[in-house]
Amino acid sequence: MSETKIPPVIRLKDLKKRFGIGDAENFALNGIDLTIKKGEFVAIMGPSGCGKTTLLNILGLLDQSIDGDYELDGQPVVSISKRRQARIRSRQIGFIFQNFNLVSRLNVIENVALPLIYKGITRTKRLIIASDILRNFHLNEREYYMPHQLSGGQIQRVAIARALVNEPSIILADEPTGNLDSRSSHVIMEELSDLHKRGNTIIMVTHNPRLTTYASRVITMTDGKIETDTKTTILKRKTSKAKHSPNPRHHNKRASKSRGNKK
Amino acid sequence: MRFLLINHVQNAHQSLKNSRIRSALTMLGIAIGVASVTTILALSGGASKIVSDQVNSLGGNIAVIRPGVTDQSMININSQIQPNHNYATSTLTENDILSIKDTPHIQAVAPIMVLSGSIKADSMAPIGSSIVASTPQLADISDLKLSQGQFLDDSVNQNTAVIGTQLSINVFGTELSLGKTITIRGQSFVIIGVLKTTNNPINYNSIDFDNAVIINFAYGKTLNQKVTQIQQINIKADSITNLSQIIIDINKSLLKNHAGEKDFSVLTGDQIAQPTSQLFYAIAGAMTTIAAVSLVVGGIGIMNIMLVTVAERTREIGIRKALGASNSDIMSQFLIESLSLSIGGGVIGYIIGYLLAFGTSTFLTFDPIINWQIAVVAIIISAVMGTLFGLYPAIRAARKDPIESLHQYD
Ligand SMILES: Nc1ncnc2c1ncn2[C@@H]1O[C@H](COP(=O)(O)OP(=O)(O)OP(=O)(O)O)[C@@H](O)[C@H]1O
Ligand SMILES: [Mg+2]
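First to last, the protein sequences are chains A and B.
According to my numbering, the first sequence is numbered sequentially starting from 6.
According to my numbering, the second sequence is numbered sequentially starting from 625.
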């Protein structure tokens, strides 16, 4: 009962994202209904180009031009001022980008300390905090390296350290283990899993089905729509699948839409 | 917020260090502009100071009455470019001199009339020598000392003159010209006194007494077709305490003489001490032009570099925004960077300006002035340039869309 009183962290209703106009118009997201509660670990899977990154950008308040409703902590994001949105990004959301996006002219520790700037933390403190978290990722010997002096996997770990340095309550990770071997991947996943256990909400895009075992909920997307969602009764999915398409990869749009409506 | 500011400054420092040559070149324009301004202010301040020191050394109980209304702002170069020597027609009259003489507590009055015309003896006097017609009390008020002979007084013949050392050398070939005859505007004068070298071309009389010949005021009028052309009237009070009352009285009586028209000004202290040398204004004018042009060019340079910087860092802007930077955070980051460029240039310019001023002053008779006001002016000018020309790039940076920015590869 108490759960219903607290609004869900994220609530999307018929969310659409359109790119281009006229003939070039296409929907990267085409009617997403999704509710994520505090403390969930959601893994999102789906083929390339199905709109996973677009969805994360919207969830992370980086993309404002959307159709449909998005409520963050029970508040419609359209009603939140730009300044407060920046504040939410600074204090609540941790971003791990698909292409890591380190600032090339800043060294490792400065990159990791970057989010702390906008929380108004002094330089000395910033460096101490950043140094601490880098140690967790076994990067303390690389603190003063520039991004171009790092390996792909190291860059990725720096990007993750940076996303976590602010102790965000919502972590948006776009393929955080893309460049890592399975052992390193599991180190990262343990870290995320740990954060999850401490009550944080994690939304992670991955192409690796094995990593979904860490998640409490798995969503698959195709063509800008949610195709399957382990939370909304596996049974329904199975029956609809049996009726229409035995192969979830080629699941048609009508099926996913009907499920979305039922929710 | 304060930490953020410190961080922006650190960030700006680092990014300027990363591109040293680019930053240095960008600073150059502002540096030249600020250097010119600093030189002008340091030299004009020095020139003013020398005059006010004179006025003070004369006891501080001096006042000067000049025709026309003088602009009293401290630095107003444009209003002063016209030479003080040749007023079309002076608004001061002999009647005014009489009124001033009648004012209580006046110790001495000396009207000064500068005449144009040739000065000749063994050889012609060079251009820049002046013929001054005044009264005996000039020696007292302006503290003129003689190396030989005597100053003009009421008992001596009208056809007598007192000559400055340098002019004496120029026309007679010697300082020892006592008793010799000099021809001024075709009239012969006997030299009755030679002034001690003052080496003080900048003074409140706007006359270089080393290069002047002084004749009797009344006779000067005769030479000038009986027209009095009074450039200024110097007065001396019997004590400093009475000076302010004297000024009030003179203002009143002259206003009455001039039928209520305030076409004169009574100046004391620092008001007198405005530099009047023509060469000085020529240099100052040129420097002001250089300053204005290089400030604008420098400002555009800053804008250009900042636009390039913003374009180069598009991705960084996207990342920063995603990590929680607000639009105003981004804006202040770039604004502070352009401010560091301009203020850096300003500081360099300030130093260069003083080097120039001290270099120039070796050819002049006074030293540049060093005070905090000039430093403040230099900082303000550069800060204004940095803000003015940094604003547009900073706004552009702040307005960038985070996702589009993230897609840019560097
Ligand atoms: N700025 C844009 N303009 C037009 N179309 C865009 C833009 N950004 C994304 N898209 C389109 O939106 C769709 C979804 O893109 P998105 O980046 O979300 O895919 P993704 O699921 O993250 O794929 P991947 O697994 O390869 O990262 C793609 O078809 C893409 O072409
Ligand atoms: Mg993607």
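For every residue, glycine included, the Cβ atom is placed at its ideal position computed from N, Cα and C.
- Counting only residues of its own chain and dropping the five nearest sequence neighbours on each side, residue 769 of chain B has a CB closer than 6 Å to the CB of 820.
- Closest option to residue 171 of chain A, judged by alpha-carbon separation, among A:206, A:118, A:195 and A:213: A:118.
- For residue 953 of chain B, the chain A residues whose Cβ falls inside 7 Å of its Cβ are 123, in order along the chain.
- The beta-carbon distance between residue 217 of chain A and residue 211 of chain A, rounded to whole angstroms, is 7 Å. This is short enough to meet the 8 Å contact definition.
- Counted as a single uninterrupted DSSP element, the beta strand (DSSP E) harbouring residue 691 of chain B occupies residues 686-691.
- Residue 215 of chain A is outside the set of residues whose beta carbon lies under 9 Å from a beta carbon in chain B.
- Its chain contains 15, 177 and 208 as the residues whose beta carbon lies nearer than 7 Å to that of residue 64 of chain A, once the 5 sequence neighbours on both sides are disregarded; these appear in chain order.
- In the same chain as residue 72 of chain A, and ignoring 5 residues on each side of it, the C-beta atoms closer than 6 Å to its own belong to 21, in chain order.
- In the pairwise beta carbon analysis, the stretch 935-955 of chain B is classified as touching the stretch 101-121 of chain A: at least three pairs are separated by under 8 Å.
- The Cβ of residue 931 of chain B sits no closer than 9 Å to any Cβ of chain A.
- The CB of residue 32 of chain A never comes closer than 8 Å to any CB in chain B; the least such distance is about 16 Å.
- Taking 9 Å as the threshold, the shortest C-beta distance from residue 639 of chain B to chain A falls below it.
- For the pair of segments examined, the stretch 636-655 of chain B was found to touch the stretch 959-972 of chain B: the number of CB pairs separated by less than 8 Å reaches three.
- The C-beta of residue 634 of chain B comes closer than 9 Å to at least one C-beta of chain A.
- If you draw a straight line from the Cα of residue 130 of chain A to the Cα of residue 114 of chain A, it is about 12 Å long.
- Collapsing the DSSP output to three states places residue 748 of chain B in a strand.
- Close partners of residue 68 of chain A in chain B (Cβ separation under 9 Å): 1025, 1026 and 1027.
- A contact is defined here as three or more CB-CB pairs under 8 Å, and the stretch 180-188 of chain A meets this definition with respect to the stretch 155-167 of chain A.
- Among the residues facing chain A, residue 961 of chain B is not included, as its CB has no counterpart in that chain under 9 Å away.
- A contact is defined here as three or more CB-CB pairs under 8 Å, and the stretch 88-98 of chain A fails this definition with respect to the stretch 144-151 of chain A.
- The Cβ of residue 944 of chain B sits closer than 9 Å to at least one Cβ of chain A.
- The DSSP-derived three-state label of residue 175 of chain A is strand.
- Remark: C-beta atoms of residue 818 of chain B and residue 786 of chain B approach each other more closely than 9 Å.
- No Cβ of chain B is located within less than 9 Å of the beta carbon of residue 52 of chain A.
- When the beta-carbon positions are compared, residue 859 of chain B and residue 734 of chain B come within less than 9 Å of each other.
- Taking C-beta separations shorter than 7 Å and ignoring five residues to either side along the sequence, the partners of residue 167 of chain A in its chain run 116, 117, 119 and 120, following chain order.
- If you keep only unbroken beta strand (DSSP E) runs of at least 3 residues inside the stretch 800-877 of chain B, you get 805-808, 811-819, 836-840 and 856-861.
- Residue 1022 of chain B is positioned such that its CB atom lies closer than 9 Å to that of residue 952 of chain B.
- Residue pairing by DSSP puts residue 773 of chain B in a beta bridge opposite B:817.
- Short of 7 Å from the beta carbon of residue 659 of chain B, and not among the five residues preceding or following it, lie these beta carbons of its own chain, in chain order: 973, 976, 977 and 980.
- Taking 8 Å as the cut-off, the C-beta of residue 80 of chain A does not count as close to any heavy atom of ligand 2.
- For residue 68 of chain A, the closest alpha carbon among the candidates A:13, A:54 and A:33 is that of A:33.
- Here residue 148 of chain A carries a coil assignment [DSSP, helix/strand/coil].
- With 5 Å as the limit, the residues whose C-beta approaches any heavy atom of ligand 1 more closely are A:24, A:33, A:53, A:54, A:55, A:56, A:57, A:58 and A:59, in sequence along the chain.
- By alpha-carbon distance to residue 794 of chain B, the top candidate from B:767, B:811 and B:746 is B:746.
- In this structure, residue 998 of chain B keeps its C-beta atom at 9 Å or more from the C-beta atom of residue 654 of chain B.
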